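Protein chains in written order, with this note's numbering: chain Y, 1 to 170; chain W, 1 to 170.
Backbone N, C-alpha and C define an ideal beta-carbon position, used for all residues, glycine too.
This one's a predicted model, so the numbers in the text were calculated from it and none came from an experiment.
Encoded as structure tokens, the structure appears first; notes follow it.
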DNA sequence: TTGGAATGTCAACAAGGCTGACATAAAATG
DNA sequence: CATTTTATGTCAGCCTTGTTGACATTCCAA
């Protein structure tokens, strides 16, 4: 339990004084914050009869237009059956368009329609507002730390996906 | 979209240069990090035939022994029926003990048995290890920022619950 | 003492995970 | 050219964990 007792200088070393209590509070903070993080989109989704699974699909299709089903599976970490069910409803409802690949005709490339983009916009507006407010409340230095800890918490494979998405941004 | 363009000094003001892209990456970081955050407990829970709902119940009962069902409902933010199902299996399996209140006989006070404490220990050990590793990787200053942003992201009511739990800690 | 509020339980349903089996079409390989 | 692998989709069925509705018990206050 309270092992890890090397003397601490400046770097990551003084962290070794972290008590179970402090770690527990970090865990609870993640739990409560994630609830807030999803609360606003959840309300919008409910109005349309969708759930978080739809949100995730729409988000990442918007992020990488023309992405394939297989690529999306890697990012979302669900089974193809599960993703397929969500994609099917989104396509039926005219929010997502699925085009057969030109080079490899087995692949389906996914795009948001205008309606799909409108929903994505509404969802991400709400979520960005929350994120922006939290950033403002916490201050700019906190934001850097926030991002560093989150990135360190990811599984390596997910961190790879995250980094790939990063490239297409700042 | 790119409104919010007031000049920035030191405080929360330079944050106003936050682009949609930067906010989007914050959102994705939350998504990927939360997956990592739950991955280790999920594996342990699966071995026992439990899910995240059981984890949450066990966690907060351990945190506040003798808590009532109603109090737990406020923290977890689910319906009493949903919580009841989870509690029932935990009680049947001998992980949780439910004692009828002495003052108010409508209330049930919840306690972890030794077996329950053992599971809680295993789960929180795994989750704390992940959290500790992330903290070390990110450095001590990052940890402060991380906590500040998370707390700012919570809904006010949840922040109240979080603060209440904090009191019984450091 | 009687009716409402608080608390908790049981039943049934839906979303969205999961596995397994299988079909199809195209690409890659021997 | 035949075969295997890959990418995708579909059907069936299961589990967890949300939901609402109905109901029992207990307490308290009118």
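May I have the straight-line CA-CA distance separating residue 61/W from residue 67/W, to the nearest angstrom? On the second chain, position 61 is the one that residue 61/W refers to. On the second chain, position 67 is the one that residue 67/W refers to. Using only the alpha carbons, I get a separation of about 7 Å.
Just to check my reading of the structure: residue 101/Y and residue 109/Y have Cβ atoms closer than 8 Å, yes? What is that Cβ distance to the nearest angstrom? Position 101 of the first chain, counting from 1, holds the residue named residue 101/Y. Position 109 of the first chain, counting from 1, holds the residue named residue 109/Y. Contact flag correct, Cβ pair sits at about 6 Å.
What are the residues of the stretch 22-41 of chain W that lie near chain Y, defined by any Cβ-Cβ distance shorter than 8 Å? 22, 23, 24, 25, 26, 27, 28, 29, 30, 31, 32, 33, 34, 35, 36, 37, 39
Exposure of residue 124/Y, with buried meaning 16 or more beta-carbon neighbours within 10 Å: By one-based count along the first chain, residue 124/Y stands at place 124. Buried is the call here.
Are there 16 or more other CB atoms within 10 angstroms of the CB of residue 28/W, so buried, or fewer, so exposed? Reading the second chain from its first residue, position 28 is the one you call residue 28/W. Buried is the call here.
Quick one: what does DSSP say residue 143/Y is sitting in, helix, strand or coil? Within the first chain, the letter at position 143 stands for residue 143/Y. If DSSP states are grouped into helix, strand and coil, residue 143/Y belongs with the helices.
Less than 8 Å between the CB atoms is what I'm expecting for residue 80/Y and residue 69/Y, so what's the real figure, rounded? What you label residue 80/Y is simply residue 80 of the first chain in a count that begins at 1. What you label residue 69/Y is simply residue 69 of the first chain in a count that begins at 1. Right, their Cβ atoms sit about 7 Å apart.
Would residue 17/Y be called buried (16 or more neighbouring beta carbons within 10 Å of its own) or exposed? For this step, residue 17/Y is matched to residue 17 along the first chain. Residue environment for residue 17/Y: exposed (fewer than 16 other C-beta atoms within 10 angstroms of its C-beta).
Distance cutoff 9 Å, beta carbons only. Does residue 114/W sit that close to anything in chain Y? In the second chain, the residue the question calls residue 114/W occupies position 114. No, residue 114/W lies away from the interface with chain Y (no Cβ there is under 9 Å from its Cβ).
Could you work out which residues of chain W lie near residue 130/Y, taking near to mean beta carbons separated by less than 8 Å? As a first step, residue 130/Y is located in the first chain; it is residue number 130 there, counting from the start. Neighbours of residue 130/Y on chain W, chain order: 153.
When DSSP builds the beta bridges, which residues end up paired with residue 110/Y? Indexing the first chain from 1 puts residue 110/Y at position 110. Its beta-bridge partners are 67/Y, 98/Y.
Cα-Cα separation, residue 72/Y to residue 55/Y: As a working note, residue 72/Y is residue 72 in the first chain. As a working note, residue 55/Y is residue 55 in the first chain. If I take the Cα positions, the gap works out to 13 Å.
Quick one: Cα of residue 93/W to Cα of residue 119/W, how far? The residue labelled residue 93/W in the question sits at position 93 within the second chain. The residue labelled residue 119/W in the question sits at position 119 within the second chain. Near 12 Å, if we compare the C-alpha coordinates of residue 119/W and residue 93/W.
From the DSSP output, in three-state form, read off residue 50/W for me. As a position in the second chain, residue 50/W is number 50, starting the count at 1. Assigned with DSSP and collapsed to three states, residue 50/W falls in coil, not helix or strand.
Hey, does residue 165/Y have any beta-carbon neighbour from chain W nearer than 9 Å? Here residue 165/Y refers to the residue found at position 165 of the first chain. Judged by the 9 Å Cβ criterion, residue 165/Y is in contact with chain W.
Between which two residues does the alpha helix (DSSP H) containing residue 90/W stretch? For the purposes of this step, residue 90/W is identified with residue 90 of the second chain, where counting begins at 1. Run containing residue 90/W: 80-92, per the alpha helix (DSSP H) assignment.
Count the CB pairs spanning the stretch 31-42 of chain Y and the stretch 147-161 of chain W that are closer than 8 Å, and state whether there are at least three. yes
Check whether the stretch 135-147 of chain W touches the stretch 133-153 of chain Y, taking contact to mean three or more Cβ pairs, one atom from each stretch, closer than 8 Å. yes
Residue 112/Y and residue 58/Y look like a contact to me (Cβ under 8 Å); what is the Cβ gap, rounded to whole Å? For the purposes of this step, residue 112/Y is identified with residue 112 of the first chain, where counting begins at 1. For the purposes of this step, residue 58/Y is identified with residue 58 of the first chain, where counting begins at 1. Contact holds; Cβ gap of about 7 Å.
Does the beta carbon of residue 158/Y sit closer than 9 Å to a beta carbon anywhere in chain W? Working through the first chain from its first residue, we reach residue 158/Y at position 158. True, the Cβ-Cβ gap to chain W drops below 9 Å.
Once you ignore the five residues that flank residue 91/W on each side, which residues in its own chain have a CB closer than 8 Å to its CB? Along the second chain, one-based indexing puts residue 91/W at 91. The answer, listed in chain order, is 97, 98.
Per-residue DSSP class, three states only, for residue 77/Y: Stepping through the first chain from its first residue, residue 77/Y is reached at position 77. Reduced to three states, the DSSP call for residue 77/Y is coil.
Among the candidates 164/Y, 130/Y, 138/Y, whose CA atom is the shortest distance from the CA of residue 40/Y? The residue you call residue 40/Y lines up with position 40 of the first chain. Per the Cα distances, 130/Y.
Here's the rule: buried if 16 or more other CB atoms are within 10 angstroms of the residue's CB, otherwise exposed. What is residue 25/W? Locating residue 25/W in the second chain gives position 25, counting from the first residue. Looking at its Cβ environment, which holds 16 or more other Cβ atoms inside 10 Å, residue 25/W is buried.
Buried or exposed: where does residue 140/W fall if 16 or more other Cβ atoms within 10 Å of its Cβ makes it buried? Position 140 of the second chain, counted from the first residue, corresponds to residue 140/W. Buried is the call here.
Could you check whether the Cβ of residue 67/Y sits closer than 9 Å to any Cβ belonging to chain W? Within the first chain, residue 67/Y is the residue found at index 67, counting from 1. It does not: the Cβ of residue 67/Y has no partner Cβ on chain W nearer than 9 Å.
Residue burial classification, residue 133/Y (beta-carbon count within 10 angstroms, cutoff 16): Residue mapping note: residue 133/Y aligns to position 133 of the first chain, counting from 1. Flag for residue 133/Y reads exposed.
Could you check which residue in 107/W, 47/W, 164/W, 127/W has the C-alpha nearest to that of residue 154/Y? One-based indexing of the first chain puts residue 154/Y at position 154. Among 107/W, 47/W, 164/W, 127/W, the Cα nearest to that of residue 154/Y belongs to 127/W.
Buried or exposed (CB count within 10 angstroms, at least 16 for buried), residue 22/W: Here residue 22/W refers to the residue found at position 22 when the second chain is read from its first residue. Looking at its Cβ environment, which holds 16 or more other Cβ atoms inside 10 Å, residue 22/W is buried.
With DSSP run on the structure shown, which of helix, strand or coil describes residue 136/W? Along the second chain, read from residue 1 onward, the residue named residue 136/W stands at position 136. Helix, per DSSP.
Is the separation between the beta-carbon of residue 44/Y and that of residue 163/Y shorter than 9 Å? For this step, residue 44/Y is matched to residue 44 along the first chain. For this step, residue 163/Y is matched to residue 163 along the first chain. Using a Cβ distance threshold of 9 Å, residue 44/Y and residue 163/Y do not count as a contacting pair.
Looking at the structure shown, is residue 154/W part of a helix, part of a strand, or coil, going by DSSP? The residue you call residue 154/W lines up with position 154 of the second chain. Coil at residue 154/W, not helix or strand.
Who are the near neighbours of residue 137/Y in its chain, counting only those whose CB is closer than 8 Å to its CB and skipping five residues on each side? For the purposes of this step, residue 137/Y is identified with residue 137 of the first chain, where counting begins at 1. No residues qualify anywhere along the chain.
Answer with yes or no whether the minimum CB distance from residue 77/Y to chain W is below 9 Å. The residue given as residue 77/Y occupies position 77 in the first chain. Chain W, which has a Cβ nearer than 9 Å to the Cβ of residue 77/Y, makes this yes.
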